[in-house]
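Enquirer: The structure that follows is given in the form of structure tokens.
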Ligand code: HEM
Ligand SMILES: Nc1ncnc2c1ncn2[C@@H]1O[C@H](COP(=O)(O)OP(=O)(O)OP(=O)(O)O)[C@@H](O)[C@H]1O
Ligand SMILES: Nc1ncnc2c1ncn2[C@@H]1O[C@H](COP(=O)(O)OP(=O)(O)OP(=O)(O)O)[C@@H](O)[C@H]1O
Ligand SMILES: [Mg+2]
Ligand SMILES: [Mg+2]
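Chains as they are written, first to last, in the working numbering: chain A, 1 to 196; chain B, 197 to 392; chain C, 393 to 645; chain D, 646 to 797; chain E, 798 to 1019; chain F, 1020 to 1241.
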């Protein structure tokens, strides 16, 4: 699997009796970045969940490397302080990152000084930033991002681009559902076409 | 109140010991449209909730006309079919709109044929579209929109602009928090400045 | 080599609802006819011809309904547990359908066993109901069936509902040995087993033969019922596929 | 060890340990007697508490059943056939199976004089079924069935 | 459509969507009653004396369980905001919500009461009083409970806090409800306790909707 | 930090954040017990015979109430997805969750048992058996309950469905738990029921984490 980060063959999915997509093929090599586009309800989120292993009822095969998934639900506990959220995630993935490294990551996503603030007390965009800080904490080579720009200001959107660039520079691959322009020059595009 | 849709004087708000904004003045005349901008956590949502009457702990005074509020939570019941959601809202606001008119509104927001589908079965963007269909169902002259572009594809974003334009043409006013360009030519801007 | 290959092919075929739909027709009729015959003979024999018990008199004849229903209700649950395992491990569509199709039958058989037990208990024990281990664990079985039914109703997507029910069905199988051995492990008002695998039944043949017929009959009834329900479920779930459309078109041209 | 394999090992060890402890406990439990009722011996010997709801059981002693002709009152004696017996009073309809020599469970209270006031009388049937003729034939030399198994 | 009937229609549609919910408080009641009968292993004598208390306490608890969901869903999807902001008058819509809740908890449990009485050996003569008490008393449970549900709706896992808030307020209903049946069993012929239940229900009918509205406003501020 | 201890730390932090939740099942237990004492108006003799049943049934119900929140929060904020996807091995993290749940429901209720016994006039001599039964039996409640909670977490208002799924599986614990105390009160000296409780707890400890994981996977698919 050192060659391919993701290999999807003949992927198809039917939901509620409507076919969302069919016979989809996609391979991601190290460093690849693909934008997943399509109108509302065309199945972007579903596709990502199929790949992540959160939605098993698809046709075809999916072979994916170790991956990090950032979905519509950010995966941030409102009842925990910002730093603790990261700390738990680090332990979960088995990566032995020192606390100082976690704080650095918080600085990167613009949450310096918020270490001990409860996530419930953060605005929508700030919560998404906590989720961004998680990306790259573990060493998964494949990122699946579902509308990562949600609720972020322009500064935050630049941050996402920067994170993607950094990940690719280290040989990581990215598949990213978005309605906006991804703003990454050499990104491929997978369009799911018309809704329904 | 036929002159002014909204009159905010000396508005200030402190949350979690941090001052979000102070001495804010804003008046909206009929047909006015103001974009509310600012980085994540600068207090846009809070400001809108103050005006809507959902957050009472502010300084200064707010005088607002009858208003419609579209917040981060879309106000769409997942357990109801699309049409029933609108129907309930119509009854709630006391407007006697015939069902055909409701179906027309659904067509406008691109949900033709989805009348009897449960909202739980819709994608994120489709659910937001149901919320959009609600706007303009009642005759409130003031709209408060919190990031209305969330989860919408380009087509959906154009729809929001169109709805805003239609509302203004009828003498309505709009205050709209957003991170994107509002894309409305003559919109004013209220910037909440740097976070914290 | 060839044996494993045939087994593999067979296993693979079992996973195909279409294959099942096509071969199962004659089986359904066969089981239905057998069930009718066995149940008719067994019931008439048991209720009218078999001798009465020296202690209980005629109320003992409830045995011919009580025991078959009580036994089959447990078998159905075991089958669902097995189907659940197959579904979770091999993702076989047919297993999910079995899981869905068997619930109503199992539920009604459990209810019937409880009901006949209660009716029998009044004259024999002197109470409609007692809380002993056998009766209680049987009531738990009924609630497990309720739970399986409710869980399926509560989850909108068929596939997810099937897997959730599979987990519950598997967890619930621990109840079956409890039902079976409760009369040996604890002092129950319910009698211990009359029929044991290792000993002759403590009942003369003219009493247990009709019972045997009824037990076999109810198994055939279950098989016919299950196949019928499965076929309906298959048509419903596969309604989008070509073969079903062709089938329907072919039937009503 | 690679993490996948370590995980699998953890799981297996966990399962083994759990199964081991469970089996031990089952064996311990089966060793203890768990019958929640008092045999005649315990009632007579004063082990059964007086004045609270309990269950007791035994066989109906032949010739001890005394029915009141005007009401549903009935009294009888429960025995274990090895010397211990106690009187029971009850008012109500008896189960069909209630007869002399039958295993009976009574629910109620023991009073100070050692009389059991039953609020419920339950008959226990054993696993043997036979036609009346057969029963008559074997009646003479058969040992009394003991469905209560209280000596187990 | 008028607001009240529109709200009724909405609640009804939501309920058939989640039709298991109609059965659930009833199943809970039935299960819990069986648990009691099971745990005591008691004969008729023991259970009978306790039946009124057990039934009434469990009705309270079943009611409580179903209350948690009363506003939760609406809160989470944001329709509660709409209701509080836009309904004219909001208290009518809230009354409709509570009415539907009562129909599928209090009223339904009343219909189940004979079964409960059977399991617990409650004498048939005491059954009418049990049913009368339930019919008159359970609306108060839904109404008072709605206030608690409104206060706790914004909190995650508000369930147990809800219990804490609401149960003490349920006490009078419990005492009069169970008391009426016990008196009947003791042979005393009086409707006094039922009248008291009526007083509680009427008082909460008049006051609760406004308290609920105020509580919802507070919950939405968070 | 190892996964197990990190998960423990997280649950602990979340709990002190919502510290009312720690108190709530206990308060529920205490309140409901008082309701019983109130509703019967009974003296010591009546209550005593019923005390083991009341306490155990209410422990079951309190447990049930606290279960609903076990995974709900994590489900809603998306951390449950992360746990199932990334934890190595996930069952350890789940065990840690259940352990914390037990500490603040089962164990805490055990500590409260003497008070409950006092209110219901349970003889002091029966108290050790009550406590022993609770200590040995309540872990099974948390473990079995976790399976039900995992199955229903994706469903709105899953609470009552949870009751339907879980209560039947609680029955053996109830029988042995209450039975042990009743036997003790009747003067029978035996630990058999406690052993059976141990069997149930050990069996569920070994099997439940895997069932929970499978159930969570299904719930996340929706
Ligand atoms: C509501 C009460 C009752 C319930 C829930 C119940 C339940 C059951 C169950 C589950 C079985 C199947 C056992 C197995 O698979 O081996 C069974 C068998 C049987 N029951 Fe009942 N029963 C009840 C009442 C009675 C009564 C009152 C009698 C008669 C005195 C009775 C007589 C029998 C007999 C003869 C068998 C077959 C024994 C055997 O397994 O060899 N049952 N009952
Ligand atoms: N529920 C809450 N409890 C406590 N404090 C909060 C809460 N929500 C927001 N805050 C605080 O108020 C500040 C402003 O939040 P608000 O949601 O108004 O920001 P916003 O401008 O809408 O941000 P975004 O662009 O991310 O939506 C945040 O920085 C946070 O500190
Ligand atoms: N929870 C659900 N239950 C049933 N059907 C669903 C569910 N979520 C989505 N669907 C169906 O699947 C289709 C695709 O949904 P999905 O969320 O994958 O779309 P999407 O491309 O991510 O849309 P969006 O841009 O709005 O996020 C929808 O049109 C809807 O019909
Ligand atoms: Mg999406
Ligand atoms: Mg905001």
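Virtual Cβ for every residue (Gly too), placed ideally from N, Cα, C.
Going along chain E, which residues have a C-beta under 7 Å from residue 251 of chain B?
Expert: The count along the second chain starts at 1 and reaches residue 251 of chain B at position 55. Within 7 Å Cβ-Cβ: 1018.
Enquirer: Let's see if you can read the secondary structure: which residues bound the beta strand (DSSP E) around residue 229 of chain B?
Expert: Looking up residue 229 of chain B in the second chain gives position 33. Residue 229 of chain B -> beta strand (DSSP E) spans 229-233.
Enquirer: Consider the Cβ of residue 747 of chain D: report whether some Cβ of chain F lies at a distance smaller than 8 Å.
Expert: Position 102 of the fourth chain holds residue 747 of chain D. Answer no: the Cβ-Cβ gap between residue 747 of chain D and chain F never drops below 8 Å.
Enquirer: Using a Cβ-Cβ cut-off of 8 Å, state whether residue 196 of chain A counts as contacting chain C.
Expert: The residue given as residue 196 of chain A occupies position 196 in the first chain. Any answer about residue 196 of chain A is weak, because its pLDDT of 40 lies below 50 and its placement is not dependable; what the coordinates show is given next. It does not: the Cβ of residue 196 of chain A has no partner Cβ on chain C nearer than 8 Å.
Enquirer: Apart from the five residues on each side of it in sequence, which residues of its chain come closer than 7 Å, Cβ to Cβ, to residue 621 of chain C?
Expert: Translated into the one-based positions of the third chain, residue 621 of chain C becomes position 229. Leaving aside the five residues that flank residue 621 of chain C on each side, the residues in its chain whose CB is nearer than 7 Å to its CB run, in chain order, 493.
Enquirer: Can you tell me which of A/10, A/193, A/124 puts its alpha carbon nearest to the alpha carbon of residue 1096 of chain F?
Expert: Here the question's residue 1096 of chain F lines up with position 77 in the sixth chain. Answer by Cα proximity: A/124.
Enquirer: Evaluate residue 749 of chain D with the Cβ neighbour count: other Cβ atoms within 10 Å of its Cβ, from every protein chain shown; 16 or more gives buried, anything less gives exposed.
Expert: In the fourth chain, residue 749 of chain D corresponds to position 104, counting from 1. Residue 749 of chain D is buried by the Cβ-count criterion.
Enquirer: Identify the residues that DSSP records as bridge partners of residue 18 of chain A: which are they?
Expert: Within the first chain, residue 18 of chain A is the residue found at index 18, counting from 1. The partner list for residue 18 of chain A (beta bridge, DSSP) reads A/15.
Enquirer: Could you give the first and the last residue of the continuous alpha helix (DSSP H) run that contains residue 557 of chain C?
Expert: Here residue 557 of chain C is taken as the residue at index 165 of the third chain, counted from 1. Run containing residue 557 of chain C: 550-564, per the alpha helix (DSSP H) assignment.
Enquirer: Just jot down, in chain order, the residues whose CB lies closer than 5 Å to any heavy atom of ligand 2.
Expert: A/121, A/123, A/124, A/125, B/211, B/212, B/236, B/237, B/238, B/239, B/240, B/241, B/242
Enquirer: How big is the Cα-Cα spacing for residue 392 of chain B and residue 69 of chain A?
Expert: As a working note, residue 392 of chain B is residue 196 in the second chain. As a working note, residue 69 of chain A is residue 69 in the first chain. Since pLDDT at residue 392 of chain B reaches only 40, below the 50 mark, its modelled position is unreliable, and the value read off the structure follows with that caveat. Approximately 30 Å, taken between the alpha carbons.
Enquirer: Name the one or two DSSP bridge partners that residue 264 of chain B has.
Expert: Residue 264 of chain B sits at position 68 when you count from the first residue of the second chain. Residue 264 of chain B pairs with B/339.
Enquirer: Should the region 408-416 of chain C be called in touch with the region 598-618 of chain C, which here means at least 3 C-beta pairs below 8 Å?
Expert: no
Enquirer: Spatial neighbours of residue 480 of chain C within its chain, please: C-beta separation below 8 Å, excluding the five flanking residues on both sides.
Expert: The count along the third chain starts at 1 and reaches residue 480 of chain C at position 88. Hits under 8 Å: 555, 558, 559, 562.
Enquirer: Indicate whether residue 912 of chain E and residue 827 of chain E have their beta-carbon atoms separated by less than 8 Å.
Expert: Working through the fifth chain from its first residue, we reach residue 912 of chain E at position 115. Working through the fifth chain from its first residue, we reach residue 827 of chain E at position 30. Yes. Within cutoff.
Enquirer: Bridge partners for residue 176 of chain A per DSSP, in chain order?
Expert: For this step, residue 176 of chain A is matched to residue 176 along the first chain. Beta-bridge partners of residue 176 of chain A (DSSP): A/35, A/145.
Enquirer: Pull the bridge partners of residue 699 of chain D from the DSSP assignment, please.
Expert: Stepping through the fourth chain from its first residue, residue 699 of chain D is reached at position 54. Answer is D/753, bridged to residue 699 of chain D.
Enquirer: Residues of the region 511-530 of chain C with a CB closer than 7 Å to any CB of chain E: list them in chain order, please.
Expert: 523, 528
Enquirer: Using beta-carbon positions only, say whether residue 40 of chain A and residue 352 of chain B come within less than 8 Å of one another.
Expert: Numbered from 1 along the first chain, position 40 holds the residue referred to as residue 40 of chain A. Numbered from 1 along the second chain, position 156 holds the residue referred to as residue 352 of chain B. Yes. Within cutoff.
Enquirer: Residue 789 of chain D by DSSP, collapsed to three states: which one?
Expert: Residue numbering aside, residue 789 of chain D sits at position 144 when the fourth chain is read from its first letter. Confidence in residue 789 of chain D is poor, its pLDDT being 47 and thus under 50, which makes the residue's placement unreliable; the coordinate value appears in the next sentence. Looking at residue 789 of chain D - three-state DSSP - the assignment turns out to be coil, as it is neither helix nor strand.
Enquirer: Residue 1037 of chain F to residue 1043 of chain F, Cα distance in whole Å?
Expert: To locate residue 1037 of chain F, count along the sixth chain from 1; it is residue 18. To locate residue 1043 of chain F, count along the sixth chain from 1; it is residue 24. Roughly 10 Å separates the two Cα atoms.
Enquirer: Report yes if the CB atom of residue 695 of chain D is closer than 8 Å to the CB atom of residue 731 of chain D, and no otherwise.
Expert: Walking along the fourth chain from the start, residue 695 of chain D turns up at place 50. Walking along the fourth chain from the start, residue 731 of chain D turns up at place 86. Cβ atoms of residue 695 of chain D and residue 731 of chain D: not closer than 8 Å.
Enquirer: In the DSSP output, what is residue 871 of chain E paired with across the bridge?
Expert: Position 74 of the fifth chain holds residue 871 of chain E. Paired residues: none, contrary to the question.
Enquirer: What does a CB cutoff of less than 6 Å around residue 1119 of chain F pick up in its chain, not counting 5 residues either side in sequence?
Expert: Counting from one through the sixth chain, the residue named residue 1119 of chain F turns up at place 100. Only 1030 meet the Cβ criterion.
Enquirer: For residue 276 of chain B, verify whether its CB is less than 7 Å away from any heavy atom of ligand 3.
Expert: Taking the first residue of the second chain as 1, we reach residue 276 of chain B at position 80. Because no heavy atom of ligand 3 lies under 7 Å away, the Cβ of residue 276 of chain B does not count as near it: no.
Enquirer: Name the one or two DSSP bridge partners that residue 683 of chain D has.
Expert: The residue labelled residue 683 of chain D in the question sits at position 38 within the fourth chain. According to DSSP, residue 683 of chain D bridges with D/701.
Enquirer: Closer than 7 Å: is that where the CB of residue 466 of chain C sits relative to any heavy atom of ligand 1?
Expert: In the third chain, residue 466 of chain C corresponds to position 74, counting from 1. Flag set: Cβ of residue 466 of chain C near ligand 1.
Enquirer: If the cut-off is 7 Å on Cβ atoms, which residues from the region 750-784 of chain D count as contacting chain C, listed in chain order?
Expert: 750, 765, 766, 767, 768, 769, 770, 771, 772, 773, 774, 775, 776, 777, 779, 780
Enquirer: Please confirm whether residue 74 of chain A has its beta-carbon closer than 8 Å to some beta-carbon of chain F.
Expert: Taking the first chain and counting its residues from 1, the one referred to as residue 74 of chain A is at position 74. Yes, residue 74 of chain A counts as interfacial toward chain F.
Enquirer: Applying a beta-carbon distance threshold of less than 7 Å, which residues of chain B neighbour residue 39 of chain A?
Expert: Start at 1 with the first residue of the first chain, and residue 39 of chain A comes out as number 39. Residues of chain B passing the Cβ test: 349, 351.
Enquirer: In this structure, how does DSSP classify residue 765 of chain D when only helix, strand and coil are distinguished?
Expert: Translated into the one-based positions of the fourth chain, residue 765 of chain D becomes position 120. It is a strand residue.
Enquirer: What are the start and end residues of the beta strand (DSSP E) that includes residue 718 of chain D?
Expert: Residue 718 of chain D sits at position 73 when you count from the first residue of the fourth chain. Residue 718 of chain D -> beta strand (DSSP E) spans 718-724.
Enquirer: Would residue 43 of chain A count as contacting chain C if we go by Cβ distances under 8 Å?
Expert: In the first chain, residue 43 of chain A corresponds to position 43, counting from 1. Answer no: the Cβ-Cβ gap between residue 43 of chain A and chain C never drops below 8 Å.
Enquirer: Taking residue 1133 of chain F as part of the alpha helix (DSSP H), name the residues at either end of that continuous run.
Expert: Residue mapping note: residue 1133 of chain F aligns to position 114 of the sixth chain, counting from 1. Its alpha helix (DSSP H) spans residues 1127-1138.
Enquirer: Can you pull out the residues from the region 717-739 of chain D whose beta carbon lies closer than 9 Å to at least one beta carbon of chain C?
Expert: Within the region 717-739 of chain D, the qualifying residues are 737, 738, 739.
Enquirer: The beta strand (DSSP E) with residue 730 of chain D in it runs from where to where?
Expert: Working through the fourth chain from its first residue, we reach residue 730 of chain D at position 85. 730-736 is the extent of the beta strand (DSSP E) around residue 730 of chain D.
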